[in-house]
Structures are given as C-alpha cells and as structure tokens.
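Okay, structure first, notes after.
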Amino acid sequence: MNALVGRSQTRVAVIDLNSGNLLSLQTAIEAAGCELKTVQKPDLKMLSDFDVLVMPGQGRFAYVMQQIKDLGWYDFLLEWVRNGKRLVGICVGMQVLFEGSDEDPEATGLGLFNGRCHKLQHPKTPMVGWAQLNSYKLTMKDQFAYFVNSYAITECPFGTAKVNYGSSFCAAVQRGNLYGFQFHPEKSGQFGRELIKHVCG
Amino acid sequence: MYVDDENSNSDLTARVIPCLDVAYGRVVKGTNFKQLLDMGDPVELAKLYEQQGADELVFLDIKASVDGQESALEMVRQVACELSIPFAVGGGIKTLDDVHKFFHAGADKVTLNTMAVEKPALINEISTQYGSQSIVVAVDVNHEADGSLAIYTHGGSRRVDVDYHQWIQQVVDRGCGEILLTAMHKDGTGSGFDTDLLAKFGADFPVQVIASGGAKGPQDFLDAIHAGADAVLAAGLFHRGEYTVGEIKSFLIDNNIKIRKTGC
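For the record, the sequence lines run as chains A and B.
With our numbering applied, the first sequence corresponds to residues 284 to 484, in that order.
With our numbering applied, the second sequence corresponds to residues 268 to 531, in that order.
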C-alpha cells in the first residue's frame with residue numbers, strides 16, 4: 284500500500300478479455316472511489332499509469348487463457364507481477380493464475396501460483412449461489428460470497444478463504460500483491476463492495 | 268442439503284428470490300397469471316429487496332412481445348448499475364442475439380419459457396456459448412382437472428403437448444443450469460408451494476430447482492426447502508408488504524436452514 288500513499292485516487296485498470304459483462308465490476312470499482320479504465324490490450328506505459336490491474340474471467344479456462352495470449356497480456360502480466368504490482372484475478376481470472384485446470388488439460392495457465400483446478404465434487408454443478416467464507420482475514424471472515432463455478436483450486440498454501448461444496452476448495456488466495464477470488468465480489472452485495480474497496484482502494 | 272449441520276459437505280445457502288413481473292415498465296401482479304395489478308417501479312423495488320436481503324432477483328417481462336424489447340433492455344441496464352446481487356431476466360427472448368443483448372445490458376442469467384418449448388435447441392446454444400449457469404428454464408406446470416400435469420407457455424395462457432417428466436429431463440440434458448418450477452395451480456392462491464412436486468426431484472438431481480407459486484407465509488418457504496427446493500421465489504407477498512425478505516430469512520435461520528445473513 285505504501286506506493287499508493289499520497290495519491291487521492293487509486294488508478295485501476297480492468298482487463299476486458301471478451302469474456303462476459305463488466306458492468307457490475309466497473310460500477311463497483313467506481314463506487315469504491317477509484318479512477319477506472321477498461322483496457323483490451325496492454326501497453327508498457329500501464330506499469331506507471333495504473334496501480335491495480337483487475338482480471339475478471341468467465342467461460343472456459345482454455346478460452347480465457349487464449350484471450351490472454353491473443354490480446355498480448357501473457358508477458359505483460361508476468362512483468363506486472365515481477366514489478367510487485369497489484370493483480371486481482373476474479374473467478375476464471377483467479378484460476379488462470381495457477382498452472383492448469385482439469386476443464387482443459389491441454390491449456391497452460393500463467394503459473395503464478397502452483398497447483399491446478401479440479402472439478403467440484405458435488406452432484407449439482409455448477410455451484411451457483413451464496414456460501415459463507417471460512418477465512419482468518421478480517422475482510423472476509425464469516426462473510427457470504429456469491430459463487431458461479433464448476434471447477435476450483437482445491438489446495439494452495441496461499442489460500443485465504445475456504446468453502447465446502449462437495450469438498451473443500453479455495454475461495455480466495457493471496458501472495459503479496461497477487462490476489463485471487465473464486466467468487467464474484469461485484470455480485471456479493473455490500474460485503475463484495477467493501478472487499479473491492481479494500482483490494483482496489 | 269440446506270439444513271445447518273456441522274457434518275454437511277456443502278456451505279451453499281438456500282436462496283430467497285423476489286420475482287418482479289414487469290409490464291409496460293411497471294411491476295405487476297396477477298392471480299393465476301391474470302388480472303394485473305400495479306405494484307411499483309422495478310428499479311426502486313429491486314433496490315428495496317436487495318436492502319432487505321434478497322439473494323437474487325428475477326425479472327419477467329410478461330408483456331414483452333407487446334411492449335417491445337428496448338424498454339426491457341433499458342430497465343436491465345438501470346438494474347445492473349444499481350444492484351450488487353445477481354439477477355435473471357426473462358420474457359420476449361427469441362434468439363441467441365436477444366440473449367446476448369440482455370447479458371450485454373448486465374443481466375447474469377436469462378429465463379426461457381415459451382421459446383424453450385418452441386425452440387429447445389436455444390437451451391443448448393445458450394449453455395454452450397455462455398455456460399449452463401447463465402440459463403434458467405421456467406417450467407410452468409398445471410395440475411389439470413383430470414389429475415395430469417400439463418406444461419404451459421405464453422405466460423401460462425397456452426397448454427402445450429409436452430410430457431412434464433420428459434420435459435424436465437430434456438431441459439437438463441440440453442444444459443440448463445436451473446429450473447424455475449412454477450406450479451400454476453398454486454400461483455396467487457396462497458396455499459403454499461407444491462411440495463409433492465418438489466420432493467420428486469431428490470438430492471442428486473443435477474440442477475438447482477427454484478420453487479415458485481403459492482407462497483403465503485414463512486412456513487411455506489421452509490416446507491419448500493425441506494421438500495427439496497434449492498431456492499424459493501415469491502412475488503405478491505413481498506410486493507404487498509405482507510412480509511419483508513428479511514422476515515422470511517430470519518424465520519428460515521431460526522428453523523436451522525442455511526441462509527445468507529445480511530446487515531450484520
């Protein structure tokens with residue numbers, strides 16, 4: 284957070300990977316008092332122009348990874364993280380921070396975290412709805428979050444919140460400035476709004 | 268599945284969903300799908316229900332074909348900017364392009380009724396393109412005088428020659444993510460959800476079932492969840508102010524149902 288001291292508004296860029304509607308997320312980030320820009324393609328100037336990069340993802344793992352590559356984000360994201368800058372992945376945008384997914388075994392993820400996504404062990408998939416987070420983080424402890432997913436990261440030493448659906452999976456991960464949320468903060472009511480304010484603000 | 272129990276392998280909560288039937292830009296309510304009464308502004312009601320703790324909202328544009336699609340899209344955009352909970356929209360959706368417009372306007376899910384029956388391949392198309400979580404099939408079922416179960420379309424006005432059990436199986440096979448099961452013979456009667464119908468789905472049924480039609484009070488919601496509903500939907504009792512969403516949810520929590528708590 285030190286880098287942000289002295290600046291009144293955090294500058295947040297939302298990555299548009301052509302994978303779903305961004306309206307709710309954009310509304311939530313603006314409501315958090317951030318300066319918001321939506322970007323389709325990266326530009327090295329972004330390293331100095333923005334403080335936070337938010338990467339939402341919907342659809343299949345391989346599709347989101349292909350968009351990351353086709354739009355030129357792959358190397359940029361690795362560079363962004365190497366510079367210690369904040370990256371927030373949401374839903375499949377969190378999953379692609381890992382090495383791969385059973386959804387599309389041939390697709391390779393960004394590999395910023397070790398581990399893979401596995402199919403949820405529950406007769407009703409996708410998991411759609413609200414679940415209470417098991418978290419030691421004050422920002423998430425006992426809060427209810429909105430999930431829409433069929434796959435999830437089951438094991439990660441950087442897990443910050445867990446949820447059960449058939450078996451336990453990682454609802455959130457964090458290592459330094461690298462954040463991942465399997466649930467949708469932009470659809471998680473007042474709690475979600477405050478969480479977005481916390482990670483973007 | 269939603270009984271609060273330490274040994275449960277699911278943290279998923281049962282959802283309480285107010286339904287807003289929209290006609291001519293206003294929320295309306297009818298009895299047995301007829302006799303429309305004005306219940307207020309959709310965006311204002313949506314905000315009120317979110318504050319009360321609604322887990323999700325469903326907007327059904329029941330006069331969509333008369334009213335035109337543009338007004339419905341504008342309402343969806345306004346709702347998407349005002350809400351921070353998910354919502355589904357239905358009514359007047361005929362093509363994949365219509366679906367795209369609603370998602371682009373900010374809807375999280377679409378609900379198909381008439382078109383699901385008339386063009387079932389649309390269920391597959393939506394599921395393939397946007398994922399099964401994005402599609403809810405609204406099954407309007409009526410208990411006929413001869414004791415059979417009949418499927419209706421066109422806002423409950425037209426009986427179609429489709430077998431109820433085969434239809435349920437078909438919409439699942441085609442990739443719908445949720446079934447919105449409206450018992451027309453219960454709708455607007457206040458005699459409770461049809462728990463017999465709900466009980467037939469069972470815990471291993473592969474998609475979630477939203478119970479609709481007949482809610483009068485908190486006990487009806489509890490009975491529906493015990494019978495097997497994953498979510499419970501009601502309109503009139505919320506619009507008329509007989510119960511707030513919060514009151515229904517408090518009752519369910521007091522009866523040991525896993526429910527999302529708000530305002531704490």
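Ideal Cβ placement from N, Cα and C applies to all residues, glycine included.
Coil, strand or helix - residue i by DSSP
i	result
Gly-373(B)	coil
Leu-500(B)	strand
Arg-441(B)	coil
Arg-235(B)	The requested residue 235(B) does not occur in the structure, where chain B is confined to residues 268 to 531.
His-410(B)	strand
Tyr-486(A)	Residue numbering for chain A in the displayed model covers 284 to 484; residue 486(A) lies beyond these limits and cannot be assessed.
Gln-426(A)	coil
Ile-526(B)	coil
Asn-391(B)	helix
Val-310(B)	helix
Gly-342(A)	coil
Ala-482(B)	coil
Glu-477(A)	helix
Cys-348(B)	helix
Met-451(B)	coil
Leu-279(B)	strand
Phe-326(B)	strand
Tyr-434(A)	strand
Ala-466(B)	helix
Ala-494(B)	helix
Val-411(A)	strand
Cys-483(A)	helix
Asp-365(B)	helix
Met-284(A)	Per-residue confidence for Met-284(A) stands at a pLDDT of 48, beneath the threshold of 50, marking its modelled position as unreliable; the derived number appears in the next sentence. Correct three-state label for Met-284(A): coil.
Neighbourhood of residue i by C-beta distance below 6 Å, restricted to the same chain and skipping five residues each side
i	result
Pro-325(A)	Gly-355, Trp-356 and Phe-359
Arg-369(A)	Val-335 and Asn-460
Ser-451(A)	Lys-445
Met-348(A)	Val-379 and Ala-390
Thr-511(B)	Gln-319
Gly-307(B)	Val-294
Met-423(A)	Leu-416 and Ala-444
Val-427(B)	Val-384, Ile-418 and Thr-420
Ile-520(B)	Ile-526
Lys-420(A)	Thr-443
Gly-394(A)	Glu-382
Ala-355(B)	Val-325, Lys-376, Thr-378 and Val-403
Cys-286(B)	Val-325, Leu-500 and Ala-502
Whole-angstrom C-beta distance between residue j and residue i, which should lie under 8 Å
i	j	result
Gly-513(B)	Gly-320(B)	5 Å
Gly-457(B)	Gly-481(B)	7 Å
Lys-407(A)	Val-474(B)	6 Å
Leu-465(B)	Val-476(B)	7 Å
Asp-322(B)	Arg-507(B)	With a Cβ gap of about 20 Å, Asp-322(B) and Arg-507(B) do not count as contacting.
Val-411(A)	Ile-373(A)	Going by Cβ atoms, the distance from Val-411(A) to Ile-373(A) rounds to 16 Å, so no, they are not a contact pair.
Phe-370(B)	Asn-304(A)	6 Å
Pro-353(B)	Lys-480(A)	Between Lys-480(A) and Pro-353(B) the Cβ distance is about 20 Å, and since that is not below 8 Å, they are no contact.
Gln-465(A)	Met-377(A)	6 Å
Cys-483(A)	Val-295(A)	5 Å
Ile-524(B)	Val-289(B)	Rounded, the Cβ-Cβ distance is 29 Å, inconsistent with contact.
Same chain only: Cβ atoms within 7 Å of residue i, ignoring 5 sequence neighbours per side
i	result
Glu-386(A)	Arg-343, Phe-344, Cys-400 and Tyr-434
Gln-292(A)	Gly-316, Cys-317 and Glu-318
Gln-309(A)	Val-297, Leu-319 and Thr-321
Gly-383(A)	Ala-390, Thr-391, Gly-392 and Arg-399
Gln-323(A)	Asp-299 and Leu-354
Residues near residue i by beta carbon distance below 8 Å, same chain, minus five either side
i	result
Ser-351(B)	Glu-317
Glu-313(A)	Leu-319
Ser-394(B)	Ser-401, Ile-402, Arg-441, Gly-442, Cys-443 and Gly-444
Gly-357(B)	Val-325, Phe-326, Leu-327, Asp-328, Val-377, Thr-378, Leu-379, Asn-380, Val-403 and Ala-405
Glu-411(B)	Ala-417
Val-438(B)	Ala-383, Pro-387, Ile-390, Val-404, Val-406 and Ile-446
Val-310(B)	Met-342, Gln-345, Val-346 and Glu-349
Tyr-397(B)	Val-366 and Phe-370
Asn-276(B)	none
Bridge partners - residue i, DSSP secondary structure assignment
i	result
Thr-321(A)	Val-297(A)
Leu-315(B)	In DSSP, Leu-315(B) forms no bridge with anything.
Ala-314(A)	Ala-314(A) pairs with nothing; no bridge assigned.
Tyr-419(B)	Asp-407(B) and Arg-426(B)
Gly-372(A)	Met-338(A) and Gly-463(A)
Thr-378(B)	Gly-357(B) and Val-403(B)
Asn-274(B)	Answer by DSSP bridge pairing: none, since Asn-274(B) is not bridged.
Asn-447(A)	Ser-451(A)
Asp-288(B)	Val-295(B) and Leu-327(B)
- Can you list, in chain order, the residues of the stretch 356-383 of chain B whose Cβ is nearer than 9 Å to any Cβ on chain A? Phe-370, His-371, Ala-372, Gly-373, Ala-374, Asp-375 and Lys-376
- Message: Residues of the stretch 409-440 of chain A in Cβ contact with chain B at a cutoff of 7 Å, in chain order, please.
- Response: Pro-409, Met-410, Val-411, Gly-412, Trp-413, Ala-414, Gln-415, Phe-427, Tyr-429 and Val-431
- Message: Using a Cβ-Cβ cutoff of 9 Å, what residues of the stretch 377-407 of chain A are near chain B? List them in chain order.
- Response: Gln-404, His-405, Pro-406 and Lys-407
- Query: Which residues, taken in chain order from the stretch 278-311 of chain B, show a beta carbon closer than 8 Å to some beta carbon of chain A?
  - Reply: Asp-278, Leu-279, Thr-280 and Arg-282
- Item | Residues of the stretch 336-369 of chain A with Cβ closer than 8 Å to any Cβ of chain B, in chain order | Flagged, chain order: Gln-341 and Gly-342.
- Message: Please list, in chain order, the residues of the stretch 443-471 of chain B that have any C-beta partner in chain A closer than 9 Å.
- Response: Gly-444, Glu-445, Ala-470 and Asp-471
- Item | Against chain A: residues of the stretch 384-405 of chain B by CB proximity under 7 Å | Those residues of the stretch 384-405 of chain B that come within reach of chain A (Cβ to Cβ, closer than 7 Å) are Gly-398, Ser-399 and Gln-400.
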